[in-house]
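Worksheet for the structure shown next.
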Amino acid sequence: MPTMPVRGKRFVIGVATAAAVTLAVVTLNAGAAESRPILLVIPPTPAAAAIEMPSQIGISTAPQGLPTELLATPLQPRARSVETVGRFVDHPQAAVPPLNSSGWSSQRIQVPALGIDLPLSMAGDATVEDFPPFSGAYILRSSSQPGRGTNSYIFAHAMPELFKPLWGAQIGQQVIVTMSDGQQIHYRITRIVPNVPCPDPAVPKPAGLPAVLANATECDLSWTLPTPTERLTLQTSQGFNRNYGEFIVIAEPAP
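Below, the structure written as structure tokens:
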């Protein structure tokens, strides 16, 4: 797999238009880059999203429900990033772990409206970041545990039982993270960002891609970076290779 020169730190990225989704991981070390494979692509979920996905990508959207079959197409490695967001607000129904606390770690992530209910843990090593197991969602090692007042970059494969339902995300939907002491941190989806570019020069670009993907020359690494306030950045993929772009969902603490 080709390496991509990027600056920053290791992070993962997902691809998801309203079509197919894929996930990728990358390590960025000031000046050096590490290639990382993208995850799986699956048929799109229902078009209930709060954003309009480009149809010219060549992936159709299922009208009803989540498809049960998996069009497992391995994706190529890529690099990505994270942007800043959010304000940290204690939810009235649950105390939030103290900022910078190292004692509590995340256990599960739920998006009730989308049927997402998965184990959540910090990626243990580069292998997990390069190609996450199909058993849950993972936090980028260069990112942060939820509840620390900064960005938590969380990724999973675009499979019906994992993060594929994010294709149908809508603004305002609830996201819940359960910590190791049983407490829960509540968030709301505040932003949905399709077509996050991370081109793969080794793979021909399909025709009809949106300009942001067709003209991309390097990965957008901003999404994985620390933020000044509490935020979740959920990522999965949206196409059959890195050139189809990534799919990002931002959630901030619920008031």
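With the first letter of the sequence shown counted as 1, position 27 gets the number 33 in my numbering; the numbers rise by one all the way through.
We put the CB at the ideal spot given by N, CA and C, even for glycine.
Quick one: give me the first and last residue of the beta strand (DSSP E) that residue i is part of.
| i | result |
| --- | --- |
| D123 | I122 to M128 |
| L219 | Per DSSP, L219 belongs to no beta strand (DSSP E); it is in the alpha helix (DSSP H), A217 to A220. |
| A143 | A143 to I145 |
| P200 | Q190 to V202 |
| N157 | N157 to F161 |
| A257 | E252 to P259 |
| R154 | Element bounds for R154: n/a, residue is neither H nor E. |
| V181 | Q180 to M185 |
| I115 | S112 to V117 |
| L240 | R237 to S243 |
What residue from the options has the CA that sits closest to residue i's CA?
| i | options | result |
| --- | --- | --- |
| V218 | K170, D123, G251 and E167 | G251 |
| W110 | T184, F246 and H192 | T184 |
| V134 | L124, F246, L146 and D123 | L146 |
| A129 | K170, A162 and G121 | A162 |
| T242 | T233, P234, E258 and P203 | P203 |
| V117 | S127, P171, N249 and A164 | P171 |
| S228 | S127, L120 and S148 | S148 |
| Q180 | I195, S186, G188 and G174 | I195 |
| G121 | G155, P139 and W173 | W173 |
| S141 | P232, T156, I115 and R154 | I115 |
| G214 | N249, P259 and D187 | N249 |
| G178 | P138, R197 and P125 | R197 |
| E258 | A119, E224, P232 and Y193 | Y193 |
| P232 | I182, D226 and S150 | S150 |
| Q244 | Y144, S127, P125 and A164 | A164 |
| A127 | D136, I160 and A119 | Inspection of the sequence shows that residue 127 is occupied by Ser rather than by Ala. Considering only alpha carbons, the answer is I160. |
| T230 | Q189, P216, I256 and A220 | I256 |
Quick one: measure Cβ to Cβ for residue i and residue j, integer angstroms, because I've assumed they're closer than 8 Å.
| i | j | result |
| --- | --- | --- |
| A222 | P205 | 5 Å |
| I166 | S158 | Correcting the residue identity first, residue 166 is Pro in this sequence and not Ile. About 23 Å; that fails the 8 Å criterion. |
Could you tell me if residue i is buried or exposed, where buried requires 16 or more neighbouring beta carbons within 10 angstroms of its beta carbon?
| i | result |
| --- | --- |
| P261 | exposed |
| I254 | buried |
| A208 | exposed |
| F246 | buried |
| E236 | buried |
| P200 | buried |
| D131 | exposed |
| S112 | buried |
| S186 | exposed |
| P138 | buried |
| E89 | Note that E89 scores a pLDDT of 31, beneath 50, so its modelled location is shaky and nothing firm can be said. |
| G155 | buried |
| D285 | Beyond the ends of the chain as shown, which are 7 and 261, falls residue 285; an answer cannot be given. |
Can you tell me where the alpha helix (DSSP H) holding residue i begins and where it ends?
| i | result |
| --- | --- |
| T133 | A132 to D136 |
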